[in-house]
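Please read the structure below before turning to the comments.
Residue numbers (this note's numbering): 140 to 326.
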């Protein structure tokens, strides 16, 4: 009422949003597993930072393990100003699923032991080893001297991933002979 005025100045400082940086990626070693890992770090903003892979659960470190293949978002925020969030994306890769292609060759004779199985491994991580029915691992992909029956072939790639395939070797029927007695009559 008396015409007096007052002026105040105020400075409002807003916290800076931290930046996310991926410093390490560990890809999945075997198809379909969840062995991937990511390490993220922060810069800028107002440390200390908190990190999350789902934007719900937060932790003090940027280390995340047990990840499957695919795209993952890593979130970072200031511990003291949780509304300041940034995100960085990372892709975890995996090898293609290990496959085995089998070519069985049956023994030539019933009861024979000249059958064989040729194995071709594809996908996975090259550097393959082979085993049949739990035998010791071998670099060769042909198993010889086999009799008729069911066989389990296992392939192991350079990452230690395995694939098991079953194959059956058949055999021809047993040869049989019969004799017929014919009585000769005098002529």
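Backbone N, C-alpha and C define an ideal beta-carbon position, used for all residues, glycine too.
Please return the same chain residues whose Cβ sits closer than 8 Å to the Cβ of residue 209, not counting the five positions on each side in sequence. 230, 231
C-alpha distance - residue 315 paired with residue 252, whole-angstrom precision: 19 Å
Where DSSP assigns a beta bridge to residue 157, which residues make up the other side? 183
Residue 243, DSSP secondary structure in three states: strand
What would DSSP say about residue 285, mapped onto helix, strand or coil? strand
Report the residue from 260, 176, 174, 294 whose alpha carbon sits nearest the alpha carbon of residue 273. 294
Beta-bridge pairing of residue 329 - partner residues as DSSP gives them: Look at the range of the chain in this structure, 140 to 326, and you will see that residue 329 is not part of it.
So residue 201 and residue 155 are supposed to be a Cβ contact under 8 Å. How far apart are they, rounded? About 18 Å separates the two Cβ atoms, so there is no contact after all.
Rounded to the nearest angstrom, what separates residue 227 and residue 267 at their Cα positions? 36 Å
Reference residue 329, options 320, 214, 289, 235, closest by Cα: For residue 329 there is no data in the structure shown, the boundaries of the chain being 140 and 326.
The beta strand (DSSP E) spanning residue 190 covers which residue range? 188-191
Excluding the five sequence neighbours on either side, which residues of its own chain have a C-beta within less than 8 Å of the C-beta of residue 292, listed in chain order? 239, 241, 256, 258, 269, 270, 271, 282, 303, 304, 305, 306
Selection from 199, 166, 243, 205 that minimises the alpha carbon distance to residue 218: 199
Cβ atoms of residue 178 and residue 192: under 8 Å apart, would you say? no
The beta strand (DSSP E) spanning residue 268 covers which residue range? 268-271
Comparing C-alpha positions only, which one of 280, 244, 247 sits nearest to residue 260? 280
Using DSSP with H/G/I as helix, E/B as strand and the rest coil, what is residue 238? strand
Identify whether residue 145 lies in helix, strand or coil by the three-state DSSP scheme. coil
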